[in-house]
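J.: This is the structure I have questions about; it appears just below.
2 protein chains.
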Amino acid sequence: MPTFKLLSQKPRRGLLKTPHGIVPTPAFMPIATRGAVKTLTTQEMKTLGADIILSNTYHLFQRPGLEILKKHNGLHAFMNWSGPILTDSGGFQVFSLTRLRKITPEGVTFNSEIDGKKITLTPESVIDTQFVIGSDIMMVLDECPPWPCDYEYAKKSLATTLDWAQRSKNHFEKRVKQKKLTPTKRPLLFGIVQGGTHEDLRKESITRLVKIGFDGYAIGGVAVGEPKNEMKRITKMCTALLPKDKPRYLMGVGKPEDIKMAVSFGVDMFDCVIPTREARHGQLYTTKGVMKIKNERYALDTRPPDTSCTCFTCKNYSRSYLRHLFSINELLGLRLATIHNLHFYLNLMKGFRK
Amino acid sequence: MPTFKLLSQKPRRGLLKTPHGIVPTPAFMPIATRGAVKTLTTQEMKTLGADIILSNTYHLFQRPGLEILKKHNGLHAFMNWSGPILTDSGGFQVFSLTRLRKITPEGVTFNSEIDGKKITLTPESVIDTQFVIGSDIMMVLDECPPWPCDYEYAKKSLATTLDWAQRSKNHFEKRVKQKKLTPTKRPLLFGIVQGGTHEDLRKESITRLVKIGFDGYAIGGVAVGEPKNEMKRITKMCTALLPKDKPRYLMGVGKPEDIKMAVSFGVDMFDCVIPTREARHGQLYTTKGVMKIKNERYALDTRPPDTSCTCFTCKNYSRSYLRHLFSINELLGLRLATIHNLHFYLNLMKGFRK
């Protein structure tokens, strides 16, 4: 089987082979920022039917740090997850979380949010960090420009990003050779399409990345505050240009309706904090829309959150009980809401794959 | 089978029959203060081998309140727990948590911590509340005097407590008749021995309670700040005087070594916040003592918290990972620590029963 096997083009369905297992696409990747999907065990992730999870190189690099990850031979054993893991490169976090960062042709320098220490990320160091993590799918270091971003800045930024992409690929292949990784053990490397909302830059980005050659292509620089129609336009044009035989990953998107739209454009992979973060705020995704479980109207409601849902939460607990848990700030409430929302998202993807 | 079947007197082992199942003793009751064992599902409580849990009448009365509990036909369905539940009377909470409470012969009046509303608890109202909760084992309303407590106050307080005990029993029997509860559906009612650290008052308390006649007897007014040798002395003298054919419950105790001591004196039932509360502070009970998992010495330690433990946490996670979860304030850490500590306590009891 090739790394990515396209089972059907319309609707687009596929199988993505990674060192830790096969991911049926379209796929949603729950977020385990620092090596844990907030409130849940990996056993629960398995039960929920998650085929792959996403973790954050930037956060893992800071805590627990590479020494601890090395000691466990990587993130899989550390967090007790035997399935595939995709890690972002940390670029997005550096550009969204840190101040006084400095971009040079070499890489990006910033001060640690934990101890203020100066840290430099380069395309090469980020690949090496992901090898320590033991990622199944690695992302290249990119600059993710903010929205809005004028043409000149976007063009300049893209040049850096493309240069970094080539260096990432070179370094990745060097390491694969050095480590003598067989095809089944070799992780995948994804390039990231940038170019802001400028179609010619996006096009150039795709042409150049495809020339370098990656196992998959991510559409970056979306879900950064742009209007929804801009996100839609960019996603549509990028998916039309990207090679059909490689997986496409739309970074950081999104709401169920955004995912549905992107799937119809031919996107294969998604990640988003929405299901888990909104769960912790008492916002439950249901077939009838978002339910604000803290609302007093649910105080005496003995029905499950979603009467047609088969998740652990809906099979065992009432709206009234969930509301009670949120009203007393009981952590079990956050857990039950997280389980429900992830079930909703993962079930949505299952529906697309049918 | 009688309500309490003594299987062996030395070591003391028994079986306590309740409407929701049989509890082998000595038993430890994990605390579900407001209808949830903090961070855990009731499914996890079952897996851990909890035979009975404890919930707090005072807290449930305030939140979710009786209307919501009635709507679910009681706490069992509300929290999705099909096993036995013991509820305290709320007396301890009134005396330890509220200010400006007023004790009259009728009952105790205080202001709600939630909305400031004036609330009066009487022996009768507390029984009725426990019927709404659907408790398997009800506790009578008592006054729990603080430590230290002089003889005169303890004597006066005991007189009130004994009067309330008689009224509780009368009201309980009246309700059992009204509700036409068959022996298998009839909850149990426990009296509470008070009298401070004064042996003659404790003795009087036991004589009078036994004369009234309860399904079991609790030793109250301990674990309220008194020195350990006082707790030991009172427990020892009370267990020696209490009827051998009824279960004895030592309220709010304690550390594993205290439980071990009390079991040797013939105590059958325990509850304590220690395993769950200390778990949330990163204090893990192990066969080799308490492990402070946040300690830096565990940063690179890939061993399970307790190498000889068979709990879910120890079977799946390292000290290093647990420490990481606590260092990033990840709720999963609180869960895994709670599972471990409850396993330790429940396993300790299993050991006593062998």
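Going down the list, the sequences are from chains U and E. If you count by our numbering, then the first sequence holds residues 1 to 354, one letter each, in order. If you count by our numbering, then the second sequence holds residues 355 to 708, one letter each, in order. Beta carbons: idealized from backbone N, C-alpha and C, even for Gly.
For the beta strand (DSSP E) that contains residue 465 of chain E, what are its first and last residues?
T.: Looking up residue 465 of chain E in the second sequence gives position 111. Residues 462-465.
J.: Suppose contacts are defined by Cβ-Cβ distances below 8 Å. Is residue 248 of chain U in contact with residue 217 of chain U by that definition?
T.: Looking up residue 248 of chain U in the first sequence gives position 248. Looking up residue 217 of chain U in the first sequence gives position 217. The Cβ-Cβ distance between residue 248 of chain U and residue 217 of chain U falls below 8 Å.
J.: What are the residues in the segment 363-394 of chain E lying within 9 Å of chain C by C-beta distance?
T.: The chain inventory of the structure shown lacks chain C, comprising the protein chains U and E.
J.: Does DSSP classify residue 121 of chain U as helix, strand or coil?
T.: In the first sequence, residue 121 of chain U corresponds to position 121, counting from 1. In this structure, residue 121 of chain U counts as strand in the three-state DSSP scheme.
J.: Can you give me, in chain order, the residues of the segment 73-96 of chain U that have a beta carbon less than 7 Å from any beta carbon in chain E?
T.: 78, 79, 80
J.: Compare the Cα-Cα distances from residue 444 of chain E to each of E:471, E:430, E:483, E:676 and report the closest residue.
T.: Indexing the second sequence from 1 puts residue 444 of chain E at position 90. Out of E:471, E:430, E:483, E:676, the CA that lies nearest to the CA of residue 444 of chain E is found in E:483.
J.: Looking at C-alpha atoms only, which residue of U:56, U:227, U:37, U:78 is the closest neighbour of residue 654 of chain E?
T.: Start at 1 with the first residue of the second sequence, and residue 654 of chain E comes out as number 300. Here the closest residue by C-alpha is U:78.
J.: Could you name the residues of chain E that residue 327 of chain U contacts, counting a contact when the two beta carbons are closer than 7 Å?
T.: For the purposes of this step, residue 327 of chain U is taken as residue 327 along the first sequence, with counting starting at 1. Under the 7 Å cutoff, chain E gives 417.
J.: Along chain U, which residues have their Cβ under 9 Å away from the Cβ of residue 650 of chain E?
T.: Position 296 of the second sequence holds residue 650 of chain E. The contacting residues do not exist; residue 650 of chain E stays about 11 Å from chain U at best.
J.: Just the Cα atoms here: how many angstroms apart are residue 591 of chain E and residue 708 of chain E?
T.: Here residue 591 of chain E refers to the residue found at position 237 of the second sequence. Here residue 708 of chain E refers to the residue found at position 354 of the second sequence. Their backbone Cα atoms lie some 26 Å apart in a straight line.
J.: Is residue 439 of chain E near residue 430 of chain E, with beta carbons less than 8 Å apart?
T.: As a first step, residue 439 of chain E must be located in the second sequence, where it is residue number 85. As a first step, residue 430 of chain E must be located in the second sequence, where it is residue number 76. Against a cut-off of 8 Å, the Cβ pair of residue 430 of chain E and residue 439 of chain E comes out as a contact.
J.: Consult DSSP for residue 256 of chain U and reduce its assignment to one of helix, strand or coil.
T.: Here residue 256 of chain U refers to the residue found at position 256 of the first sequence. In the structure shown, residue 256 of chain U falls within a helical segment according to DSSP collapsed to helix, strand and coil.
J.: Could you check whether the Cβ of residue 473 of chain E sits closer than 8 Å to any Cβ belonging to chain U?
T.: On the second sequence, position 119 is the one that residue 473 of chain E refers to. No, no contact with chain U.
J.: What residue range is occupied by the uninterrupted beta strand (DSSP E) comprising residue 292 of chain U?
T.: For this step, residue 292 of chain U is matched to residue 292 along the first sequence. Counting along the chain, the beta strand (DSSP E) containing residue 292 of chain U begins and ends at 289-292.
J.: Just how far apart, CA to CA, sit residue 277 of chain U and residue 39 of chain U?
T.: Mapped onto the first sequence, residue 277 of chain U falls at position 277. Mapped onto the first sequence, residue 39 of chain U falls at position 39. Roughly 11 Å between the two C-alpha positions.
J.: In the structure shown, what three-state DSSP assignment does residue 603 of chain E receive?
T.: The count along the second sequence starts at 1 and reaches residue 603 of chain E at position 249. The answer is strand: DSSP assigns residue 603 of chain E an E or B state.
J.: Roughly how far, in whole angstroms, is the beta-carbon of residue 4 of chain U from the beta-carbon of residue 349 of chain U, given that I think they are within contact range, below 8 Å?
T.: Here residue 4 of chain U corresponds to residue number 4 of the first sequence, with the count starting at 1. Here residue 349 of chain U corresponds to residue number 349 of the first sequence, with the count starting at 1. By a beta-carbon distance limit of 8 Å, residue 4 of chain U does not contact residue 349 of chain U. Their separation comes to about 17 Å.
J.: If we ignore side chains and look at the alpha-carbon of each, how far apart do residue 266 of chain U and residue 11 of chain U end up?
T.: Within the first sequence, residue 266 of chain U is the residue found at index 266, counting from 1. Within the first sequence, residue 11 of chain U is the residue found at index 11, counting from 1. Answer to the nearest angstrom: the Cα atoms are 8 Å apart.
J.: Taking residue 46 of chain U as the query, report the chain E residues whose CB atoms sit under 8 Å from its CB, ordered along the chain.
T.: Residue mapping note: residue 46 of chain U aligns to position 46 of the first sequence, counting from 1. None at all; the shortest Cβ gap to chain E is about 12 Å.
J.: Residue 322 of chain U touches chain E at which residues, Cβ-Cβ below 8 Å?
T.: As a position in the first sequence, residue 322 of chain U is number 322, starting the count at 1. Ordered by position in chain E, no residue passes the 8 Å Cβ test against residue 322 of chain U, which lies about 11 Å from the chain.
J.: Whose C-beta lies closer than 6 Å to the C-beta of residue 352 of chain U among residues of the same chain, with five residues either side of it excluded?
T.: Translated into the one-based positions of the first sequence, residue 352 of chain U becomes position 352. Within the same chain, residue 352 of chain U has close Cβ partners 26, 263.
J.: So residue 688 of chain E contacts chain U; which residues on that side make the cut at Cβ distance below 7 Å?
T.: As a first step, residue 688 of chain E is located in the second sequence; it is residue number 334 there, counting from the start. Correct list: 331.
J.: Just how far apart, CA to CA, sit residue 9 of chain U and residue 347 of chain U?
T.: By one-based count along the first sequence, residue 9 of chain U stands at place 9. By one-based count along the first sequence, residue 347 of chain U stands at place 347. Each residue's Cα considered, the two are about 21 Å apart.
J.: Taking 8 Å as the CB-CB limit, is residue 278 of chain U close to chain E?
T.: In the first sequence, counting from the first residue as 1, residue 278 of chain U sits at position 278. Cβ-Cβ to chain E under 8 Å: no for residue 278 of chain U.
J.: With a CB to CB cut of under 8 Å and the five nearest residues on each side skipped, what residues in its chain are close to residue 184 of chain U?
T.: Within the first sequence, residue 184 of chain U is the residue found at index 184, counting from 1. If we look at residue 184 of chain U and ignore the five residues flanking it on each side, its Cβ neighbours are 19.
J.: For residue 467 of chain E and chain U, any beta-carbon pair shorter than 8 Å?
T.: As a working note, residue 467 of chain E is residue 113 in the second sequence. It does not; no Cβ of chain U falls within 8 Å.
J.: For the segment 670-677 of chain E against the segment 313-330 of chain U, are there 3 or more C-beta pairs whose distance is under 8 Å?
T.: no
J.: What does the Cβ neighbour count give for residue 341 of chain U, buried or exposed, with the cut at 16 atoms within 10 Å?
T.: Position 341 of the first sequence holds residue 341 of chain U. Residue 341 of chain U should be labelled buried.
J.: Give, in chain order, every residue of the segment 233-257 of chain U whose Cβ lies closer than 8 Å to some Cβ of chain E.
T.: none
J.: Here's the rule: buried if 16 or more other CB atoms are within 10 angstroms of the residue's CB, otherwise exposed. What is residue 42 of chain U?
T.: The residue labelled residue 42 of chain U in the question sits at position 42 within the first sequence. Around the beta-carbon of residue 42 of chain U, 16 or more other beta-carbon atoms lie within 10 Å, marking it buried.
J.: For the pair the segment 103-115 of chain U and the segment 214-229 of chain U, tell me if three or more CB-CB distances fall below 8 Å.
T.: no
J.: Kindly indicate which residue of U:133, U:59, U:55 has the alpha-carbon position closest to the one of residue 74 of chain U.
T.: As a working note, residue 74 of chain U is residue 74 in the first sequence. Per the C-alpha coordinates, the member of U:133, U:59, U:55 positioned closest to residue 74 of chain U is U:133.
J.: What distance in whole Å lies between the Cβ atoms of residue 408 of chain E and residue 448 of chain E, which are believed to be in contact at a cut-off of 8 Å?
T.: Translated into the one-based positions of the second sequence, residue 448 of chain E becomes position 94. Translated into the one-based positions of the second sequence, residue 408 of chain E becomes position 54. Not a contact, Cβ separation roughly 17 Å.
J.: Assign residue 373 of chain E to one of three DSSP states: helix, strand, or coil.
T.: Here the question's residue 373 of chain E lines up with position 19 in the second sequence. It is coil, neither helix nor strand.
J.: Under a Cβ-count criterion, where at least 16 other Cβ atoms within 10 Å of its own Cβ denotes burial, should residue 281 of chain U be classed as buried or exposed?
T.: The residue labelled residue 281 of chain U in the question sits at position 281 within the first sequence. Exposed, by the Cβ-count rule.
J.: Hey, out of E:370, E:561, E:614, whose CA is closest to residue 586 of chain E's CA?
T.: On the second sequence, residue 586 of chain E is found 232 positions in, with the first residue counted as 1. Of E:370, E:561, E:614, the residue nearest in Cα terms is E:614.
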